[in-house]
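Inspection log for the structure reproduced underneath, given as structure tokens.
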Amino acid sequence: LHIGTIVSDPMLKVKYLSGGFIGMVEESFVAKMKAGTNFTLAGRVLEFIMIKDMMVLVRRSKQKTAMSPSWMGGRISLTANLGAILRKKYNETLYKTHEDEELDTIFPLFERQAKVSHVPKSDEFLIELINTRDGYHFFAYPFEGRQVHEIMASLIAYRLGKIKPISFSIAMNDYGFELLSEQAIPLDESNIKKLFSPENLSEDIIASINSTEMARRKFRDIACISGLVFQGYPGKYIANKHLQSSAALFFNVFSDYDKHNLLLRQAYDEAFYQQIEEPRLAAALNRIQISTVIVVKTDSYTPLCFPIKVDSLRDNLSTEELSQRIERMTADAEKKSTRKKNDC
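If you're matching positions, the sequence shown starts at 42 in the numbering used here and goes up one per residue.
Below you can see the structure in the form of structure tokens.
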């Protein structure tokens with residue numbers, strides 16, 4: 042019955058400790074969280090408490106900064122090869138050595154980006170620092186795909202937190218990620234390479250995310266495939282929460298009494314290599330080390346950071362329509378750009 046088993050990422054219900062239902066998130070997103078982590082859902086900022094069975098227990102948070110939820114099935118992330126090609130296309134567009142009509146169409150965006158900030162070449166790493174009424178924004182553009190950026194953002198936030206106690210709101214897309222804080226971010230050109238260093242990578246990843254819970258959730262799939270737990274008969278399958286309960290029992294026993302168990306090791310390996318993509322993250326950090334770091338401080342949002350900012354706005358409750366907020370942000374950016382041009 043276990044031959045050809047295909048496992049999928051289940052959706053978990055998000056509920057208040059008092060019992061009110063809020064919505065649903067993918068297990069892969071919430072399994073990384075530690076107690077006290079804030080995230081947005083259904084227009085609310087929520088504080089993560091714990092995962093009980095297949096339910097996420099939260100309480101309402103007073104913090105303004107929070108993570109934006111992500112769905113692995115909803116957006117296919119860039120691969121390493123596609124990210125490299127994208128960086129190459131940026132070079133071709135800048136030097137006009139391409140033959141793509143699509144790049145000619147969006148060339149005004151490149152000109153706009155170059156005017157207000159900088160267009161990164163394939164051997165450059167761009168960081169934008171913007172101070173608005175929302176707080177202090179830190180935008181970085183590794184061009185490594187959404188999944189890698191999600192872990193990289195948590196890693197950099199953790200390392201910045203070691204310099205100075207600070208809270209961040211995190212958002213990302215396939216081009217880069219954003220860290221937003223109400224406090225000034227302790228970042229300058231002297232410590233950028235250290236923040237993006239591949240040294241002590243595994244230890245810092247484990248400290249910045251809940252790797253044990255990720256492995257525990259991944260072990261459920263391994264237990265199903267290996268036959269440790271019974272999934273049920275065709276047409277009468279066992280519920281995910283019962284599978285998780287049985288698999289968690291095996292996981293705890295192996296963790297306490299058989300730390301070198303191959304199935305346990307496999308769970309951690311899959312969590313690191315599939316969900317965290319540690320090899321890709323390490324390769325990206327190594328590439329950043331040999332790249333020229335460009336730090337730009339701007340007064341307004343740029344074409345590169347705008348999509349990341351809009352993505353984070355979708356999860357915030359407001360009486361304004363999203364389109365109205367985008368129009369207002371665009372108008373503010375145009376006004377600041379015109380004022381800067383007149384000053385020159």
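Note that beta-carbon positions come from the ideal geometry of N, C-alpha and C, so glycine has one too. The structure displayed is predicted, hence computed values, not measured ones.
| Asked | Found |
| --- | --- |
| Nonlocal neighbours in the same chain, by C-beta distance under 8 Å from A325, ignoring five residues either side | P183, E185, V189, M193 |
| Nearest-angstrom beta carbon gap, F180 and I349 [assumed within contact, 8 Å] | 7 Å |
| Nearest-angstrom Cβ-Cβ length linking E169 and T343, presumed shorter than 8 Å | 6 Å |
| Backbone CA spacing between E152 and K162 [nearest angstrom] | 14 Å |
| Beta-carbon gap between L135 and V99 smaller than 8 Å | no |
| Exposure label - Y216; buried when at least 16 CB within 10 Å | buried |
| Rounded distance between the beta-carbons of K259 and A312, thought under 8 Å | 5 Å |
| Selection from G124, K129, G64 that minimises the alpha carbon distance to V97 | G64 |
| DSSP state of G124 mapped onto helix, strand, coil | helix |
| Assigned secondary structure, I92 (DSSP; H/G/I helix, E/B strand, else coil) | strand |
| Same chain, Cβ closer than 7 Å to A256, five either side skipped, listed in chain order | A308, Y309, A312 |
| Residue ranges of each alpha helix (DSSP H) within the segment 233-292, 4 or longer | 233-236, 242-249, 252-267 |
| Buried/exposed call for M91, threshold 16 Cβ in 10 Å | exposed |
| Own chain partners of N241 with C-beta closer than 7 Å, once the 5 adjacent residues on each side are dropped | none |
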